[in-house]
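Novice:
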Amino acid sequence: MYNFFGDNDFMKKMYEQWEKMMGDHFEKLVHDENFVSEMAKAMAATMSGKFMSTKMMDETFMAMNLPTRGEMVKALQKLVDVEERLIDLGEKFEDFAKETTDALTAIEQKLGVPAEQLPKSKAKSKKA
Amino acid sequence: MLKDIDMAINNFIENQAGEYNDMPRGVTEREMVYRAGNMKIFKFKREGGDAANLPPMLFVPSLINRWYILDLTEETSFVNYFNKFFTCYMIDWGYPGSESAHLPFSNFYHKYLNRAVNFICRDTGAEKVNMLGYCIGGTLSYIYSCLEPERVNKVILLASPINFENAGISSLYAKTFPTEEFVNSMDYMPGPTISNFFNNIQPLGLLKKTQMFHQKYKDPKFKKMYVAMERWISDDGVHFPARAYYEFLSQLYKENRLFKNQLTTTDETAVDPSRRQADCLILNATLDHIVPLHWTNLPPADGAKREVLTFNTGHVGITVGKYGVDAKTKAVEFLKK
């Protein structure tokens with residue numbers, strides 16, 4: 001136990017009793033379905049409030065011909081989508097380049113063609 | 001007045017923390033080798049270069065906390081230990097904000113993990129990787145091993161929820177969560193709100209932690225660990241992108257689709273546990289109040305080999321507590337078999 005009360009046994013016992021009581025009480029409370037649903041309602045009300053205030057701000061900004069937060073977030077999300085697409089394409093290209101290089105190396109080994117006589121496309125795909 | 005009190009408390013804490021206040025977030029030497037959007041991949045430096053004879057190791061951290069819980073101090077670090085045997089990589093999910101609000105949950109467990117695995121395979125020349133996922137990171141790794149069975153050699157699930165049946169207090173919170181209002185108004189589930197939920201399910205946890213601090217703060221070993229933990233858990237919260245959070249809550253917590261073999265990605269690919277091939281090691285904890293033991297059960301459809309090791313500790317204790325040492329030793333033994 002936390003030794004805030006030094007050697008004072010009475011205070012120690014009282015503290016322990018308080019801790020146990022509060023522990024039991026809170027344990028019951030946070031597992032109580034009614035309490036949890038009331039908490040959820042409070043959360044829902046806060047979220048609705050946020051939704052309303054954001055909407056009001058957006059309307060005010062729109063009336064002034066200024067970009068709203070929602071529009072900026074949408075633009076950001078579009079940028080993320082474009083970035084995602086670019087990453088996917090970049091990786092596909094890398095895979096393709098690797099496959100081409102592997103295939104050319106295999107052909108080179110089979111035919112016994114020296115490296116300097118390889119077609120230029122191999123050097124390019126290696127670079128990529 | 002309140003500001004002054006806050007400043008005084010901060011000063012006191014910083015003075016108490018001393019040198020530990022500047023402790024690095026993640027102790028093993030690393031470099032960032034890949035970046036795509038918010039996601040980064042770190043590669044950890046090891047003596048003698050890459051471990052060529054064993055598949056590389058990918059750590060997948062949770063989406064609701066930062067990655068360095070697995071590399072918190074030299075003594076407790078999973079990364080440090082695994083790095084002696086394997087070439088190790090770690091995903092850092094970054095700090096998602098409003099720009100990530102529209103990304104589906106499947107992006108995290110399929111698209112982004114696929115990118116990470118592709119990168120690691122290109123980097124090392126390996127065809128498969130070993131994966132270790134902690135908490136939700138384990139859920140992501142497990143789903144990935146179902147979707148891409150040929151890319152995963154072995155998978156370790158460290159205190160990871162798979163079966164959300166009888167979720168107890170968590171399912172009560174999930175059931176009452178105001179989904180509609182959330183979808184309309186939020187771009188993400190804020191990190192502090194998620195932390196509050198975990199504080200709520202252990203109401204006297206904070207008090208007990210403070211008591212323990214007052215009893216032991218003169219012990220430098222304890223103080224180092226305490227400060228490192230607090231910097232991770234209280235000082236570095238991560239938001240959960242809205243759509244991903246909504247899907248995670250509704251598809252896994254409420255409908256338990258993964259366990260029931262009903263989960264599909266955004267492009268309608270079925271997550272089928274019967275396709276999984278990788279051997280699996282489940283590390284779970286009896287005192288885990290976040291992921292109870294039965295949550296770590298694999299779906300009945302999953303026929304792949306698995307081992308289960310249970311430790312008498314809690315959700316975080318299994319990574320940084322005294323049982324963490326056993327957990328990482330057993331995990332490496334499992335991978336080297």
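Chains as they are written, first to last, in the numbering used here: chain W, 1 to 128; chain H, 1 to 337. A virtual CB, placed ideally from N, CA and C, is assigned to each residue, including glycine. The structure displayed is predicted, hence computed values, not measured ones.
1) Given that a residue counts as buried once 16 or more other Cβ atoms are within 10 Å of its Cβ, and exposed if not, what is Gly-168 (chain H)?
2) Counting contacts by CB-CB distance shorter than 8 Å, is Thr-269 (chain H) in contact with chain W?
3) Taking the alpha-carbon of Trp-93 (chain H) as reference, which of H:Thr-76, H:Phe-82, H:Ala-116 has the nearest alpha-carbon?
4) Helix, strand or coil for Gly-94 (chain H)? Go by DSSP, reduced to three states.
5) Which of the three DSSP states, helix, strand or coil, is assigned to Thr-264 (chain H)?
6) Looking at chain W, is there any beta carbon in it that lies within less than 8 Å of the beta carbon of Thr-176 (chain H)?
7) Do Val-183 (chain H) and Ala-242 (chain H) have their beta-carbon atoms positioned less than 8 Å apart in this structure?
8) Taking the alpha-carbon positions, what's the Ile-143 (chain H) to Thr-296 (chain H) distance?
9) Could you tell me whether any Cβ in chain W is nearer than 8 Å to the Cβ of Glu-230 (chain H)?
10) Taking 8 Å as the CB-CB limit, is Asp-123 (chain H) close to chain W?
11) Determine the extent of the alpha helix (DSSP H) in which Asp-102 (chain W) is found, giving its start and end residues.
12) Give me whichever residues DSSP pairs with Asp-279 (chain H) in a beta bridge.
13) List the DSSP bridge partners of Arg-30 (chain H).
14) My output table needs one value for Tyr-134 (chain H): the three-state DSSP class, helix, strand or coil.
15) So which residues of chain H does Thr-54 (chain W) contact, with C-beta pairs closer than 8 Å?
16) Determine whether the beta carbon atoms of Ala-285 (chain H) and Phe-311 (chain H) lie at a separation below 8 Å.
17) Using a Cβ-Cβ distance under 8 Å, would Asn-200 (chain H) count as near chain W?
18) Residues of chain W with CB under 9 Å from Pro-292 (chain H), in chain order?
19) Spatial neighbours of Asp-236 (chain H) within its chain, please: CB distance less than 6 Å, with the 5 preceding and 5 following residues excluded, ordered by chain position.
20) State the DSSP-derived secondary structure class of Met-14 (chain W), mapped to helix, strand or coil.
21) By how many angstroms is the C-alpha of Tyr-95 (chain H) removed from the C-alpha of Ile-341 (chain H)?
22) Between H:Leu-103, H:Glu-307, H:Ala-126, H:Leu-70, which lies nearest to Val-80 (chain W) when the distance is taken from Cα to Cα?
23) Any C-beta of chain W sitting closer than 8 Å to the C-beta of Leu-58 (chain H)?
Specialist: Quick look at the numbers:
1) Taking all protein chains shown into account, Gly-168 (chain H) has fewer than 16 neighbouring C-beta atoms within 10 Å of its C-beta and is therefore exposed.
2) With 8 Å as the cut-off, Thr-269 (chain H) does not count as an interface residue toward chain W.
3) Here the closest residue by C-alpha is H:Ala-116.
4) Per DSSP, reduced to three states, the secondary structure at Gly-94 (chain H) is coil, with no helix or strand assignment.
5) Thr-264 (chain H) sits in a strand when the DSSP states are folded into three classes.
6) Yes, Thr-176 (chain H) lies at the interface with chain W (some Cβ there is under 8 Å from its Cβ).
7) It is a contact, given that the beta carbons lie within the stated cut-off.
8) Roughly 13 Å between the two C-alpha positions.
9) With respect to chain W, the C-beta atom of Glu-230 (chain H) has no partner C-beta closer than 8 Å.
10) Asp-123 (chain H) does not count as touching chain W.
11) Residues 69-111.
12) BP columns for Asp-279 (chain H) point to H:Lys-154.
13) Arg-30 (chain H) is bridged by DSSP to H:Phe-44.
14) DSSP places Tyr-134 (chain H) in strand when its eight states are reduced to three.
15) Here the neighbours are Ser-185.
16) Going by C-beta atoms, Ala-285 (chain H) is nearer than 8 Å to Phe-311 (chain H).
17) Interface annotation, Asn-200 (chain H): in contact with chain W, CB-CB separation under 8 Å.
18) Going along chain W, no residue has its Cβ under 9 Å from Pro-292 (chain H), so there is no contact; the nearest lies around 14 Å.
19) If we look at Asp-236 (chain H) and ignore the five residues flanking it on each side, its Cβ neighbours are Arg-66.
20) Helix.
21) Absent from the model: residue 341 (chain H). The displayed extent of chain H is 1 to 337, so no value can be given.
22) Between Val-80 (chain W) and the set H:Leu-103, H:Glu-307, H:Ala-126, H:Leu-70, the nearest pair of CA atoms involves H:Leu-103.
23) Any Cβ of chain W closer than 8 Å to the Cβ of Leu-58 (chain H) would place that residue at the interface, and such an atom is absent.
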